[in-house]
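Note sheet for the following structure.
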Amino acid sequence: MSDFWGLYNYWIAIFLMMVGFYNVIARGNLIKKLIGLNIFQTSVFLLYISMGKVEGGSAPIVGAGISSFSNPLPHVLILTAIVVGVATTSVGLALVVRIKEAYGTIEEDELIAQESVTQ
Amino acid sequence: MNSHLPIVPIILPMVAAPLCMLLRRRTFVWGLATAVTWVVFAACAQLLLQVSTSGPIIYTMGGWNAPIGIEYRIDLVNAYILLLVSAIAALVMIYAPQSAARELPPDRHNLFCAAFLLCLTGLLGITITGDAFNVYVFLEISSLASYAIISVGRDPRSLKAAYNYLIMGTIGATFILIAIGLMYMMTGTLNMADLAQRLKEVHDTRTIHVAFAFLSVGLTLKLALFPMHVWLPNAYTYAPSLVTAFVAATSTKVSIYVFLRFVFTIFGADYAFTTIHLNAILVPLALVGIFIASTVAIYQTDLKRLLAYSSIAQIGYIMLGIGMGTVTGLTAGIAHIFNHALIKCALFMVVGCIVLRLDSSRLEDMAGIGRRMPATSFAFVLGGLALIGVPFTVGFISKWYLLLGALERDWWPVAALVLLSSLLAAVYIWRFVEVAYFRPAPDDATPISAPPLSMQIPLWLLLAATLFFGVQTDLTAGIAQRAALWLLAGGP
Amino acid sequence: MSNFVDIALLAFLALVALAVTRTLNLFATVALTGIYSLLMASIFTTLDAVDVAFTEAAVGAGISTVLFLATMALTTSHEKPHHHHNWAAIMATLITGSALVYGTLDMPHFGDPQAPIHQHVAPHYIEISPNEIGVPNMVTSVLATYRGYDTLGETAVIFTACMAVLLLLQRDRRGGNRNVMAVPDADQRRGGQSMQHAMILRVFSKFFIPLIFLFGLYVQFHGDYGPGGGFQAGVIFASGFILYTLVFGLEKARQVIPPRTLQALVAFGLLLYAGTGIATLVMGGQFLEYKALAHEATHGEHLGILFIELGVGITVAAVMTTIFFTFAGRGRS
Amino acid sequence: MDILIYYTSWLLLLCGAFFCAVGGLGILRLPDFYSRQHAAGITDTLGAALLLIGLILQAGLSLVGIKLVMILLFLLFTSPVATHTIAQAALQSGLKPKLAEKERDG
């Protein structure tokens, strides 16, 4: 039981990751895949931030009367990772727009069907 | 100034990229980019020289000692990869302007050059750093830039290829991010040398096993080991030829380097091969990959695609060598990273020359090309021979070490399979030879002028290198062996 | 009590994630993703990661959502229903998930102060950095100094994304601005009135956009003392421009801030950051060793942090605005 | 005095929470887009405002309190404008209110 209370945060993060991951690999719509990717990455951020938390700690900003801080390093890493995430999303979306212009669809199965017709 | 040499290869292209974007005149753009890549190449050569004579170099960022800050840690292994990547970039940059004039949208050369330089920054940054999270950041720079430069191919299918690469690549990178997170969680550090120290204490925890698994899966996605290779053939086929020549020779190689670094330096050969039994997974996958990819290559109708499948097979050879876990096997793997990069870059450059003149990379359009473009076709044959592993080419050196490594471990079947697979390579190279030399050119064929010198010179330089290093083995195999010993000893 | 809040928020997150999977209307899905990001930001706040929460709210719920909507305006807002379950994907997900759960079993427990990550490296940041750097917000000091090189990489990532989007979507120079769409908005396409005629919105925006910029400046320069910094400020600035574009149209926005200027700013931010590093080299320090910038160590650190945060802010604001302009300018052709 | 402020703030917080819940219920149960907008508007304005006033009372006259006041002002400006804009966009794109249809039909 102590394991449950000690780890539930991580387990939920893993559940969320897997929901996102499923959307990436199972969906045929190119935008939906990117949404899944977003959720996948955001949930990984939760994993990092959870590990930085200290019981009874507070935000890592020096203030009067605060002695216990949560670990600032995961926060820094995730700030970087969020930026990377939005960069990836914007490039992916730009590709989706171009694919739509070139093929008229953003559904994977229709794209594959067009491919086999032209060959 | 010499003490600041390590940052030159990273900062220079990073600063040059925005300048490239702002320049509008095409000649200035290419001139700047080319000059930068050559300076970077010189810096990397100097670094390799320094490392091989006086041992590893450590450069601390902002003067903060690791693990508090980030540091560069350059040893023989990454100096070797740095040299490889920068050399390929420098040669591709000479080759590029003419090929780009044909294959790129005319008004985007400045953006393309900026993206290209960023890709180079990313690749070099991954290689040089001594910090695990920093690897992730620069991995994303190089990946995003390569999605961009792949997607500008003329065929709209390059867009789909880039999209698929983006999805697969991001999944791979996120897996790596998870693995780094788990490792950080158990040790409290991100510095590679520090990680190596502290991981020893937690080697038997389930968290670290999972971290190792995620890292391996993420990296195999990036380095396109069978069966994680599905993004590769389309990306290589539809990208502009110069991009294919660059990406094929560097991007997967850098991922292999990261794999080596994590497996041998951070986790340690002992952990990877006795606790996890990495060889039991790697060797079969590599062998199956070699055979399937080579066989698929034989049936391709597009020369670029054929070479792309051949790349997957060649990555199989490299991973086979690494999977042996011995000095000889590792030497074969590391040497083949270099050798395959040379050969593949040359071969894709040949295809670029053919595309420049024929406007097609389909084999059926190349009938009789042996007489219409004699020098170019001959270059392909030379590169093909090196790919097969004929003596006096670099391909032979790596195959030789691979065989030695297999025999050392008494893996007779593996040795036999490696030999057999060379036959498959011979078959797919023959496909080009047959079309080029034994089929008549179409009747309406007009005479074709030879490709411009700026494209031929780097191509022939690369081919000369494949022959030179096939005879003079000190630089490639010699350094590879020293690097292998260094890695197996677990670094410093 | 905080456990209870935590569990409630996490449960909401799980529900939203499942809803995203089940919804076929992409419009709704994107709205749900925005909610997901906001919930995530709330959780980050309860986990003491205020800077991260700020960024997640601004990026995940703000910029990402806008970009998704812009893409949908150019493509489609409905996903094709598919009736069969993708068993291979379900299997892959289950295997990956169980592997991760297996990995958690040896983890230090959540919030455990004895966990390795609180024993090594981090104590230096917490105990020494406030005096060594002179900045109360430890996240800022780690981000800008100890791991300033990572942040340089981050700025380069954003810059790369801008290059990629411009390569893909920039209109041909010959094509001119013929197909420019005023707003990437659904009603525009149907030939209805555009937002430009919405009087209330225009009046409101005129009054409000300056406040947004003011807030952006506050976040930019207050990052040393509280949550905030270059990245968050950049996103806020960009959202001001985006709001302006949505209300007054792309043409007008381009007059206010021409794409050329914007691209120069994109480059300038990255160059300012890297240039700060090179300046420290010239002044005799290591790369990004801000101490070298002034006679006194903490003074130099402050100066260095100011410059690089400015670099990050300028690049992020310019890149986000450029990306939005590029999407909006793509139009339907 | 302190006790008075304390209980008032809790009362306001509970009221705010109640209106948020009502708004949420309304979004689910009301028949068409425009009436749902109304429900969403309740959450935005009444719900959020009551919550914020409750919090301001707890924070007192401090920096946090002033920031909360600014958030409140911000919300009071943005939510009505947002609701108005969304409704206008819906109207322009041709979405008719359900009740209006009924009247015409009947």
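Note that the protein sequences, when read in sequence, are chains D, L, Z and G. Positions 964 to 1082 (this note's numbering) are the ones given, in order, by the first sequence. Positions 429 to 920 (this note's numbering) are the ones given, in order, by the second sequence. Positions 854 to 1186 (this note's numbering) are the ones given, in order, by the third sequence. Positions 169 to 274 (this note's numbering) are the ones given, in order, by the fourth sequence. Just so it is clear, CB atoms sit at the ideal spot from N, CA and C, and this is done for glycine as well.
- If you look at Glu1162 (chain Z), you'll find it isn't in any beta strand (DSSP E); it sits in the alpha helix (DSSP H) that goes Ala1150 to Arg1183.
- Setting aside the 5 residues that flank it on each side, Asp1072 (chain D) is surrounded in the same chain by Gly991, each with a C-beta closer than 7 Å to its C-beta; the list follows chain order.
- Chain order gives the chain D residues near Ser579 (chain L) as Leu1058, where near means a beta carbon separation below 7 Å.
- Under the three-state reduction of DSSP output, Asn986 (chain D) falls in the helix class.
- Distances from the CA of Met794 (chain L) to each of L:Ala834, L:Pro868 and L:Gln742 were compared; the closest alpha carbon is that of L:Pro868.
- Three or more beta-carbon pairs separated by less than 8 Å are not found between the stretch 485-494 of chain L and the stretch 662-678 of chain L, which leaves the two stretches without contact.
- Nearest CB-CB separation between Lys995 (chain D) and chain L: not below the 8 Å threshold.
- The Cβ atoms of Ile1065 (chain Z) and Ile1089 (chain Z) sit closer than 8 Å to each other.
- Nearest C-alpha to Leu892 (chain Z) among Z:Ala881, Z:Gln1023, Z:Ala914 and Z:Thr874: Z:Ala914.
- Neighbourhood of Ile496 (chain L) in chain Z, by CB distance below 7 Å: Val974, His977 and Tyr999, in chain order.
- Judged by their CB atoms, Leu1146 (chain Z) and Gly1153 (chain Z) are nearer to each other than the 8 Å cut-off.
- Just measuring C-alpha positions, the residue of L:Leu651, L:Pro886, L:Ser586 and L:Gly898 sitting nearest Met596 (chain L) is L:Leu651.
- Distances from the alpha-carbon of Leu220 (chain G) to those of G:Pro199, G:Phe242, G:Ala257 and G:Ala208 put G:Phe242 closest.
- A residue is called buried once 16 or more other Cβ atoms fall within 10 Å of its Cβ, and Met1052 (chain Z), having fewer, is exposed.
- Taking the Cβ atoms as the reference, Thr211 (chain G) lies roughly 16 Å from Phe245 (chain G), outside the contact range of under 8 Å.
- Here His764 (chain L) is not bridged, per DSSP, to any residue.
- Membership of Tyr889 (chain Z) in the alpha helix (DSSP H) is indicated by the continuous run Leu879 to Thr899.
- Residue nearest to Pro1035 (chain D) within the set D:Lys1063, D:Val1054, D:Val1046 and D:Met1014 is D:Met1014 (criterion: CA-CA distance).
- Close to chain L, meaning a Cβ-Cβ distance shorter than 7 Å, are the following residues of the stretch 1022-1049 of chain D: Leu1040, Thr1043, Ala1044 and Val1047.
- Tyr664 (chain L) places its beta carbon 8 Å or farther from that of Asp583 (chain L).
- For the pair Ala884 (chain Z) and Val982 (chain D), the CB atoms are not nearer than the 8 Å cut-off.
- The beta-carbon separation of Leu734 (chain L) and Thr821 (chain L), rounded to 19 Å, does not stay under the 8 Å limit for a contact.
- Sequence-distant Cβ neighbours of Ile981 (chain Z) in its own chain, meaning closer than 8 Å and more than five residues away, do not exist here.
- By alpha-carbon distance to Gly1076 (chain Z), the top candidate from Z:Ile948, Z:Phe880, Z:Leu922 and Z:Val1165 is Z:Val1165.
- Residue L:Gly812 holds the alpha-carbon nearest to the alpha-carbon of Val779 (chain L) among L:Gly812, L:Gly757 and L:Met747.
- Those residues of the stretch 685-702 of chain L placed with their C-beta closer than 8 Å to a C-beta in chain D do not exist.
- Against chain Z, a Cβ distance below 8 Å from Val457 (chain L) picks out nothing, because the smallest value is about 13 Å.
- CA-CA distance, Ser994 (chain Z) to Asn984 (chain Z), rounds to 11 Å.
- Assigned with DSSP and collapsed to three states, Thr465 (chain L) falls in helix.
- When DSSP assignments are scanned along the stretch 812-890 of chain L, the uninterrupted stretches of alpha helix (DSSP H) that are 4 or more residues long and fall wholly within it turn out to be 822-836 and 840-866.
- By the criterion of a C-beta distance shorter than 6 Å, Gly950 (chain Z) is surrounded by no residue of its chain, once the five residues flanking it on both sides are discounted.
- Burial is judged here by how many other beta carbons sit within 10 angstroms of a residue's own beta carbon; Thr754 (chain L) has at least 16 and is buried.
- Secondary structure note for Thr929 (chain Z): it is in no beta strand (DSSP E), with a DSSP letter that is neither H nor E.
- Taken in chain order, the complete alpha helix (DSSP H) segments of 4 or more residues contained in the stretch 914-990 of chain Z are 918-927, 940-957, 969-972 and 982-986.
- By the Cβ criterion, the stretch 550-562 of chain L is in contact with the stretch 1000-1013 of chain Z, since at least three pairs of Cβ atoms, one from each stretch, lie closer than 8 Å.
- Linking Gly609 (chain L) to Gly898 (chain L) through their CA atoms gives a straight-line distance of about 42 Å.
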